[in-house]
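Visitor: Going by numbering that gives the first Met the number 0, 202 is the number at position 203 of the sequence shown; the sequence numbering is gapless.
Backbone N, C-alpha and C define an ideal beta-carbon position, used for all residues, glycine too.
Just so you know, these numbers come straight off a predicted model, no measurement behind them.
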Amino acid sequence: MSGKITNSIVSFLMIIFLSFSLIAQEKKLKTSFIFPFQEKHVHSSSIIELPNGDLLSCWFEGSGERNANDVKVKGARLKKGTTKWSNPFLMADTPGQPDCNPVLFVDQNNKLILYWVVVQANRWENSVLKYRTSTDYIKNGAPKWDWQDVILLKPNDDFAETIKNQFSSMKSRDLAWAEYAPQYETMVYEAAKDKKKRETGWMTRIHPVILPSGRILLPLYSDGYNLSLIAISDDQGESWKPSLPIVGYGNIQPSIVQKKDGSLVAFMRDNGDSPGKILKSISIDNGYSWTAAEKTEIINPGTSVDAIKLKNGNWVMVYNDLESDRYSVAVSLSDDEGKTWKWTKRLERDDNKKGSFSYPSVIQTKDGMIHLTYSYRMGENKKTIKHVSFTSKWVKGSK
């Protein structure tokens, strides 16, 4: 009899131990560097889960950004069940031109796609939007690319008229340099009437979104116009058409989340006037037209933000939670589709203000874990891409 009691006690204690272990795992934040610290400039990473459970990440790397012609897209993979990323490998390189802002995507047919921009004449507004595809990417090393092309968008006159009309409906900031200088809004509108200008310079940054209809939305932005636009495909990426512009004062790098009612919310970096806040725009027609961008109450120092919808319906947003600079990164969680962000945890904070952490790319994997990568810099010789994983319960934990 005593033996049975002892076994029962042991079983009970094992259950308690396992329960506490699971709770500890749920609250644990896991971090790693994709590659050792280096001197080269590494920035604008993207992460994706492959169909076999591996993680694939990419970034651009070189002696600078748009002004450095040695910039190329590099990548690495984390095999499922392992903790060490592979050695970096080449993903894309246009000889003699900077390759920047890569974005990874797996489409409805499990085809891997890499989107990125080539910066012509070392000016962002001259960027060319490129992509390449692969169906052979599970093996170690770089994917074997099957196809490569450019994406050409042709915004029509509605592009310029939308800019004119929405600026007219917004409260002007009077962003001009002198009394006799043309207003900011007028300058952007005049540039929007130029067919050449409005067909070039559209750049990637954030993952595409697949709508229930199968429509693909590829978020884009222009440093020339200082606003955003969405590339739309209804044939699985075979062809693309432009949305109407998302008009605002410096709203760039949109991250799109779909609400339960089907409407879309685009959260954007604030590249405009102070106070810096994350910007927001709404679409009720599957991404074609958008409301004028408005400031939210979430602080943004003019840096990239990424947001996704989790499997349980909650939303996660990762951003720099500062009025200026990039020495702090936070993750916030919303259970009411972005109306409020009740839980926030910091991923990075350097009170000496020497660190720089920015440009997050966030996903949720099939096992429910949240993974993200971002640029990590602690001085001129300490630059890398950091990988972080956690659960939503970690975000809800005590600060």
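Would you tell me roughly how many angstroms separate the C-alpha atoms of Glu379 and Val330, rounded to the nearest one?
Guide: The residue given as residue 379 occupies position 380 in the sequence shown. The residue given as residue 330 occupies position 331 in the sequence shown. In a straight line, the C-alpha of Glu379 is about 26 Å away from that of Val330.
Visitor: Give me the Cα-Cα distance between Ser391 and Val361, rounded to the nearest whole angstrom.
Guide: Here residue 391 corresponds to residue number 392 of the sequence shown, with the count starting at 1. Here residue 361 corresponds to residue number 362 of the sequence shown, with the count starting at 1. So the alpha carbons of these two residues sit roughly 13 Å apart.
Visitor: Just tell me which of Lys29, Arg76, Gly312, Leu103 has its CA closest to the CA of Asp260.
Guide: Here residue 260 refers to the residue found at position 261 when the sequence shown is read from its first residue. Out of Lys29, Arg76, Gly312, Leu103, Gly312 has the C-alpha closest to the C-alpha of Asp260.
Visitor: Applying the criterion that 16 or more other CB atoms from any shown protein chain within 10 Å of the CB defines a buried residue, is Leu111 buried or exposed?
Guide: Here residue 111 is taken as the residue at index 112 of the sequence shown, counted from 1. Buried.
Visitor: If you draw a straight line from the alpha carbon of Tyr130 to that of Gln147, how long is it in whole angstroms?
Guide: Residue 130 sits at position 131 when you count from the first residue of the sequence shown. Residue 147 sits at position 148 when you count from the first residue of the sequence shown. Looking at the two C-alpha atoms, the distance is approximately 6 Å.
Visitor: How about the region 214-230 and the region 280-299: do they share at least three Cβ pairs that are nearer than 8 Å?
Guide: Three or more beta-carbon pairs separated by less than 8 Å link the region 214-230 to the region 280-299, which places the two stretches in contact.
Visitor: Once you ignore the five residues that flank Gly354 on each side, which residues in its own chain have a CB closer than 6 Å to its CB?
Guide: For the purposes of this step, residue 354 is taken as the residue at position 355 of the sequence shown. Tyr326, Met377, listed in sequence order.
Visitor: Please return the same chain residues whose Cβ sits closer than 7 Å to the Cβ of Asp320, not counting the five positions on each side in sequence.
Guide: What you label residue 320 is simply residue 321 of the sequence shown in a count that begins at 1. Around Asp320: Ile298, Ser327, Ala329.
Visitor: Quick one, are the C-beta atoms of Ala91 and Leu77 less than 8 Å apart?
Guide: Counting from 1 along the sequence shown, the entry for residue 91 is found at position 92. Counting from 1 along the sequence shown, the entry for residue 77 is found at position 78. Going by C-beta atoms, Ala91 is not nearer than 8 Å to Leu77.
Visitor: Please look up how many angstroms separate the CB atoms of Lys256 and Ala292, rounded, as I've assumed it's under 8 Å.
Guide: Indexing the sequence shown from 1 puts residue 256 at position 257. Indexing the sequence shown from 1 puts residue 292 at position 293. Per the sequence shown, the amino acid found at residue 256 is Val instead of Lys. That pair is no contact at about 15 Å.
Visitor: Using 8 Å for Cβ pairs, my map puts Ser374 next to Phe356. What's the rounded Cβ distance?
Guide: Position 375 of the sequence shown holds residue 374. Position 357 of the sequence shown holds residue 356. 7 Å between Cβ atoms; contact.
Visitor: If we require 4 or more residues per run, which alpha helix (DSSP H) segments fall completely within the region 113-195?
Guide: 156-168, 183-191
Visitor: Buried or exposed: where does Glu296 fall if 16 or more other Cβ atoms within 10 Å of its Cβ makes it buried?
Guide: As a position in the sequence shown, residue 296 is number 297, starting the count at 1. The residue is exposed, with fewer than 16 neighbouring Cβ atoms inside 10 Å.
Visitor: Within the same chain, show all residues whose beta-carbon is closer than 7 Å to that of Leu309, passing over the 5 residues directly before and after it, in chain order.
Guide: Within the sequence shown, residue 309 is the residue found at index 310, counting from 1. So the list reads Val315, Gln363, Ser391, once near-sequence residues are dropped.
Visitor: Which residues mark the beginning and the end of the alpha helix (DSSP H) in which Trp84 is found?
Guide: For the purposes of this step, residue 84 is taken as residue 85 along the sequence shown, with counting starting at 1. Run containing Trp84: none; DSSP gives neither H nor E here.
Visitor: State the start and end residues of the unbroken alpha helix (DSSP H) segment that holds Ser391.
Guide: As a working note, residue 391 is residue 392 in the sequence shown. Where Ser391 is concerned, the enclosing alpha helix (DSSP H) stretches over 391-395.
Visitor: Mind reading off the beta-carbon distance from Asn125 to Thr199? Whole number of angstroms is fine, and I expect it under 8 Å.
Guide: Position 126 of the sequence shown, counting from 1, holds the residue named residue 125. Position 200 of the sequence shown, counting from 1, holds the residue named residue 199. About 6 Å; that satisfies the 8 Å criterion.
Visitor: Give me, in chain order, the residues of the same chain whose beta-carbon lies closer than 7 Å to that of Arg197; leave out the 5 immediate sequence neighbours on both sides.
Guide: For the purposes of this step, residue 197 is taken as the residue at position 198 of the sequence shown. Cβ within range, chain order: Pro154, Phe158, Ala191.
Visitor: Buried or exposed, going by whether 16 or more other CB atoms sit within 10 Å of the CB of Arg204?
Guide: For the purposes of this step, residue 204 is taken as residue 205 along the sequence shown, with counting starting at 1. Taking all protein chains shown into account, Arg204 has 16 or more neighbouring C-beta atoms within 10 Å of its C-beta and is therefore buried.
Visitor: Nearest-angstrom Cα distance between Gln235 and Gly140?
Guide: Numbered from 1 along the sequence shown, position 236 holds the residue referred to as residue 235. Numbered from 1 along the sequence shown, position 141 holds the residue referred to as residue 140. So the two alpha carbons sit approximately 26 Å from each other.
Visitor: Compute the distance between the beta-carbons of Val117 and Val102, then report whether it is under 8 Å.
Guide: One-based indexing of the sequence shown puts residue 117 at position 118. One-based indexing of the sequence shown puts residue 102 at position 103. For Val117 and Val102, no; Cβs fall outside 8 Å.
Visitor: Could you check whether His42 and Tyr358 sit closer than 8 Å to each other, using their CB atoms as the reference points?
Guide: Taking the first residue of the sequence shown as position 1, residue 358 is located at position 359. Taking the first residue of the sequence shown as position 1, residue 42 is located at position 43. Contact flag set, yes.
Visitor: Looking at the secondary structure, which residues open and close the beta strand (DSSP E) in which Asp98 lies?
Guide: In the sequence shown, the residue the question calls residue 98 occupies position 99. Taken as a continuous stretch (DSSP letters only), the beta strand (DSSP E) holding Asp98 covers 98-105.
Visitor: Run through the DSSP bridge pairs and tell me what Asn299 is partnered with.
Guide: Here residue 299 refers to the residue found at position 300 when the sequence shown is read from its first residue. The partner list for Asn299 (beta bridge, DSSP) is empty, contrary to what the question assumes.
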